[in-house]
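These notes concern the structure reproduced below.
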Amino acid sequence: MMNIRDMILEKTRQGLDVFHHYINTPFAPKRRFKNPLYTDTKASCYVYFNSQKGCYLLKDFGSTEYSGDCFWFVALLNGWDTRRDFMKVLRKINEDMNLYIPFGDQGNDTRWLQNKQSVAQPQLTSLHANAATIKNEKTEKADKPSSTFKAKIAYKDFSTQELEYWQKYGITQSVLERFHVRSGKSYSGTNAEGKGYTICSTLTEPMFVYKTVDDAVKVYRPSSKLRFLYARSADSCYVFGLGQLPSRAHVIFITGGEKDVMTLAAHGFHALCFNSETADIPDNIMKNLSRRFKHIILLYDMDATGIESSKKRMEELAAYKVKRLELPLSGSKTDKDISDFYANGHKTEELNKLLFNLLKQSCKKDAALYRSCELDFTNPPSESHAVVMVNEVPIGSCDNLFCLTGGEGVGKSNFISAIISGSLVSKPLDCERTLGMTITGNPKKKAVLLFDTEQSEQQLYKNVKKTIRRAYIETKPDFFHAYHMTAMSRKERLEAIRSCLELNFNEHEGIQLVVIDGVADLVRSANDELESIEVVDELYRLAGFYRTCIICVLHFVPNGVKLRGHIGSELQRKAAGILSIEKDTNPAYSVVKCIKVRDGSPLDIPMMSFGWDKKEDMFVYMGTKSKEDKEKQKTADLRNLAISIYEKADKLAYRDMVKAIVDAMEVQPRTAKEYIRYMREKAIIEQLADQSYQLKMS
């Protein structure tokens, strides 16, 4: 049986609520404030959690005698001696905070207090309105950790009744296993008198055990008065759900409890929680979350404490652009959190709508900027000078960038148009219709977005019209949006793209494909290394946030297998795939060759060709180039690669040459070794007597 002191700590979040109740000055743990016990001119006092004591303590750096736990603090306020009047302190807290703890026999027998004295118990001599004089007396301090941090737990299999309890929140056994939640059979600890005690799970009072990534162990008893027990404290900060988060995603919720985390996970959302809604959130965790998730949203309880805590947290975490979402709940005991939301019959569609409305607010200020550039298909623009339009190719995978490059007049616009047409229909089009590529259909009608930084409104209208005709449809789908951005500044373009992706992701429940035609126009100069790195990194992050493929069209003729400019180098490093379009030896045809793929050698992928068909009034697929043509192209590309590698060195060791090829082409070492073998066979390089290699002069 736990004593009254431990019961009070359990009901007040280890004493934190007691400090909040008796200190009028608003404060947050580990944040300094002025000590209310005397006229403090500087904020030198703070409340923090002491893992050894198992409770919150107040510490004053300006005057160490004003330091102690919540029981010492209440005794000091009332002019009591902490040891002699300890029972009065307990009764005072119990009555003032309406904890409803029955004292029973313990109310008349204080022998159990002998080994449970509060930390730092000074003798009060006088207490004035704004100042107090404290004289320390020698007292025995309990340096041992709280007994709840030394408990042992026995486990058992989940019973049918226990699984039914979780099921009402949508939490299945697989979700419980994923979060390492187990059914507890018993909890055994030692009380203040050194006597052992055991709490057993029963049919009416089940016991569940939570475990975090740093092996903190917390016991949850949903039907008991003492709902939470601790078997092992966290080494640093208690955080539940961190180990189950993806590397990157759109939204992460911070909730008030472990059950809420699993409820959200069971319904397809990502979430984590700390020890309570008022627990400090470490900066290192927030920095990590802000890199991995587009939005961090507080989803606390809808009672008074939860609402107040979420508002304070949002202010404290303003640097991370944290938002807060309020649920349409009454705030009562059974209708206050996301678990109650689902248990009381609400659906995921309702939560998605609430989330969409919240995120939509952050896009409104930029809406006028990009909506003014959206193509009005019902009001065709007047004729104007036409320029080449380049569209994105979804050959890359979700979460990645894909790059398409080539010079002017090689047919990039028509090639991209064919690929976009495949993303406008539910079922894949015939590969010949999409110029030899297989394009994944779009049955869910996710957004397809085209941003053009070079072409006129009239040319964009013509190209979109051809794209729709190639897809065998008559009107532009509502989920397809094309934007002409020539009138916007370079900085405005990237901001508009960010905002547009966010709005369309929520409006269409996902993004199928994004095309940025003229990615170099997002930077002041394609040779500005720092700006190129920032823009490509940002596009890569956006691809991860929205789980889409972002196609970056680069208007440069590649130098063999290397892209030009710093922005080309960054795209070559970050993109999962790169295609290059160039004119064939027969100028009536264009050839598509692969420069980079994530796995394998791009030089082993067949080259495709396409050309104009008068009857079809569009470009059509002409098949793949012959094996002989492919070999010639492969030899030429590897010769150009070798020339670029040996520009700065007359000879290279085998190991150094492998590294140079890996760095230049972003391929695996095994592929680089295959290139070296091929170069030797084709007499592009030769081996010297010292086993190094040099470029063979023809």
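According to our numbering, the sequence shown is numbered sequentially starting from 1354.
Built from N, CA and C at the ideal position, the CB exists for glycine as well.
Since we're looking at a predicted model, the values are computed, not measured.
Inter-residue Cα distance where the pair is residue i and residue j
| i | j | result |
| --- | --- | --- |
| residue 1632 | residue 1703 | 29 angstroms |
| residue 1883 | residue 1909 | 19 angstroms |
| residue 1820 | residue 1894 | 28 angstroms |
| residue 1925 | residue 1851 | 22 angstroms |
| residue 2049 | residue 1979 | 27 angstroms |
| residue 2020 | residue 2014 | 8 angstroms |
| residue 1713 | residue 1596 | 29 angstroms |
| residue 1700 | residue 1401 | 39 angstroms |
| residue 1934 | residue 1776 | 21 angstroms |
| residue 1520 | residue 1432 | 51 angstroms |
| residue 2046 | residue 1823 | 51 angstroms |
| residue 2038 | residue 1994 | 11 angstroms |
| residue 1760 | residue 1873 | 14 angstroms |
| residue 1623 | residue 1652 | 12 angstroms |
| residue 1379 | residue 1399 | 11 angstroms |
| residue 1920 | residue 1844 | 16 angstroms |
| residue 1619 | residue 1523 | 6 angstroms |
| residue 1834 | residue 1518 | 46 angstroms |
| residue 1807 | residue 1838 | 7 angstroms |
| residue 1666 | residue 1616 | 22 angstroms |
| residue 2044 | residue 2007 | 8 angstroms |
Coarse secondary structure for residue i, derived from DSSP in three states
| i | result |
| --- | --- |
| residue 1775 | helix |
| residue 1687 | coil |
| residue 1716 | helix |
| residue 1767 | helix |
| residue 1866 | strand |
| residue 1435 | coil |
| residue 1695 | helix |
| residue 2004 | coil |
| residue 1659 | helix |
| residue 1418 | coil |
| residue 1602 | strand |
| residue 1488 | Residue placement at residue 1488 is flagged as unreliable, the pLDDT there being 28, under the threshold of 50; a coordinate-derived value is accordingly withheld. |
| residue 1523 | coil |
| residue 1386 | strand |
| residue 1509 | strand |
| residue 1835 | strand |
| residue 1556 | coil |
| residue 1365 | coil |
| residue 1536 | strand |
| residue 1743 | Any reading at residue 1743 must be qualified, since the residue scores a pLDDT of 32, below 50, and its modelled position is unreliable; no value is offered. |
| residue 1784 | coil |
| residue 2054 | Past the boundaries of the shown model lies residue 2054; the chain is included only from 1354 to 2051, so the question cannot be answered. |
| residue 1590 | coil |
Continuous beta strand (DSSP E) stretch holding residue i: start and end
| i | result |
| --- | --- |
| residue 1413 | 1408 to 1413 |
| residue 1585 | 1581 to 1585 |
| residue 1648 | 1646 to 1652 |
| residue 1565 | Residue 1565 -> no beta strand (DSSP E), and no H or E assigned at all. |
8 angstroms contact criterion, which residue i and residue j should meet: CB distance rounded
| i | j | result |
| --- | --- | --- |
| residue 1553 | residue 1576 | Actually they do not touch by this definition, with Cβ atoms about 13 angstroms apart. |
| residue 1982 | residue 2018 | Between residue 2018 and residue 1982 the Cβ distance is about 21 angstroms, and since that is not below 8 angstroms, they are no contact. |
| residue 1614 | residue 1593 | 6 angstroms |
| residue 1902 | residue 1751 | 6 angstroms |
| residue 1804 | residue 1870 | 7 angstroms |
| residue 2053 | residue 1904 | The structure shown has nothing for residue 2053, since the chain only spans 1354 to 2051. |
| residue 1396 | residue 1387 | 5 angstroms |
| residue 2139 | residue 1918 | Residue 2139 is absent from the model: the chain starts at 1354 and stops at 2051. |
| residue 1561 | residue 1537 | 6 angstroms |
| residue 1609 | residue 1654 | 5 angstroms |
First and last residue of the uninterrupted alpha helix (DSSP H) at residue i
| i | result |
| --- | --- |
| residue 1884 | 1882 to 1898 |
| residue 2033 | 2022 to 2034 |
| residue 1945 | Unbroken run through residue 1945 is the beta strand (DSSP E), 1942 to 1949; no alpha helix (DSSP H). |
| residue 1617 | 1611 to 1619 |
| residue 1812 | 1810 to 1823 |
| residue 1986 | 1980 to 1998 |
| residue 1860 | 1843 to 1860 |
| residue 1964 | Counting along the chain, residue 1964 falls outside any alpha helix (DSSP H), though it belongs to the beta strand (DSSP E) covering 1961 to 1966. |
| residue 1925 | 1918 to 1927 |
Stretch-stretch touch, CB-based, cutoff 8 angstroms, three pairs: the region 1853 to 1869 with the region 1792 to 1807: The region 1853 to 1869 is in contact with the region 1792 to 1807.
Cβ contact (3+ pairs, closer than 8 angstroms) linking the region 1637 to 1655 and the region 1597 to 1617: Output reads yes: the region 1597 to 1617 touches the region 1637 to 1655.
Inter-stretch contact (C-beta, 8 angstroms, three-pair minimum) for the region 1354 to 1366 and the region 1411 to 1419: Flag = no, the region 1354 to 1366 and the region 1411 to 1419 do not touch.
Three-pair Cβ contact test at 8 angstroms for the region 1403 to 1410 versus the region 1366 to 1373: The answer is yes - the region 1366 to 1373 touches the region 1403 to 1410, with three or more Cβ pairs under 8 angstroms.
Cβ contact check for the region 1426 to 1445 and the region 1372 to 1387: 3 or more pairs under 8 angstroms: By the Cβ criterion, the region 1426 to 1445 is in contact with the region 1372 to 1387, since at least three pairs of Cβ atoms, one from each stretch, lie closer than 8 angstroms.
Stretch-stretch touch, CB-based, cutoff 8 angstroms, three pairs: the region 1997 to 2010 with the region 1965 to 1980: Three or more beta-carbon pairs separated by less than 8 angstroms are not found between the region 1997 to 2010 and the region 1965 to 1980, which leaves the two stretches without contact.
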